[in-house]
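Just so it is clear: in the sequence shown, position 11 is 10 by numbering that gives the first Met the number 0, and no numbers are missing. Beneath this line is the structure, given in structure tokens, with notes to follow.
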Amino acid sequence: MRDVRILGTGQLVNLSRDLRAAGGSRLKKNFARRLRRAAEPLHADLQSKVRHLPIHGSGRRGRGGPSPTQRPLRATIAAAIRISVRTTNRPGARVWIDRSRLPPDLRAMPNKLEEGSWRHPVFGNRKRWVWQYAQPWWDVTVRRHQPRMTAEVERVLDDVQRQLGR
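Shown next as structure tokens:
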């Protein structure tokens, strides 16, 4: 699963350099806040999509129920989706799944959910395995937000360049 980055464009790099030269901490904070704000709807939508992602299995019908553990899979993954914003070298916004915030045995699960299927033992019983299935959610959600984020970043760039007197 790829993370989402709005960075590295020549305009962002030049603007970051100009902000440093102008010494405008207020401008830099405003720039960072607006970049974060451009990424926040994507962040919220990704969290919502994974929380409500339908997952079904190949086992017997009518069986199943709530997780016997205290950490539901979808909520745990949703809590690990993060945003970071940089205004210095490689400026931009990034939305990603922070695997360090996932338990060690769930670190591969975001990829498995995106791939659409995975096998696991039934309640840890390694003699009995089942398949589970889900629809891809990450790339679909990111593609839907891409035009809006691109337009918002361009708007931020224009506004900050105007404030710098270009």
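Backbone N, C-alpha and C fix where the C-beta goes; we use that ideal spot for every residue, glycine too.
Close CB contacts of R142 within its chain, under the 7 Å cut and outside five residues either way in sequence, are absent. The C-beta separation of V155 from R33 comes to about 5 Å, placing the pair in contact by the 8 Å criterion. Within its own chain, the residues whose Cβ lies closer than 6 Å to the Cβ of R118, once the five positions on either side in sequence are excluded, are W128 and W130, listed in chain order. Put simply, the segment 102–116 touches the segment 71–82. At least three CB pairs are less than 8 Å apart.
Exposed is the label assigned to E114, since fewer than 16 other Cβ atoms lie within 10 Å of its Cβ. Assigned with DSSP and collapsed to three states, S83 falls in strand. The beta carbon of D44 sits closer than 7 Å to the beta carbons of T140 and H144 from its chain, once the five residues preceding and following it are set aside; these are given in chain order.
With fewer than 16 other beta carbons inside 10 angstroms of its own, P71 counts as exposed. Scanning its chain for C-beta atoms nearer than 6 Å, with the 5 sequence neighbours on each side dropped, one finds around L41 the residues V94 and H144, in chain order.
Excluding its 5 nearest sequence neighbours in each direction, P135 has C-beta neighbours in its own chain below 7 Å: E113 and G115, listed in chain order.
In the structure shown, the three-state DSSP call for H144 is helix. Considered as a whole, the segment 83–114 harbours 108–114 as its complete alpha helix (DSSP H) runs of no fewer than 4 residues, in chain order.
Less than 8 Å divides the Cβ of I80 from the Cβ of I96.
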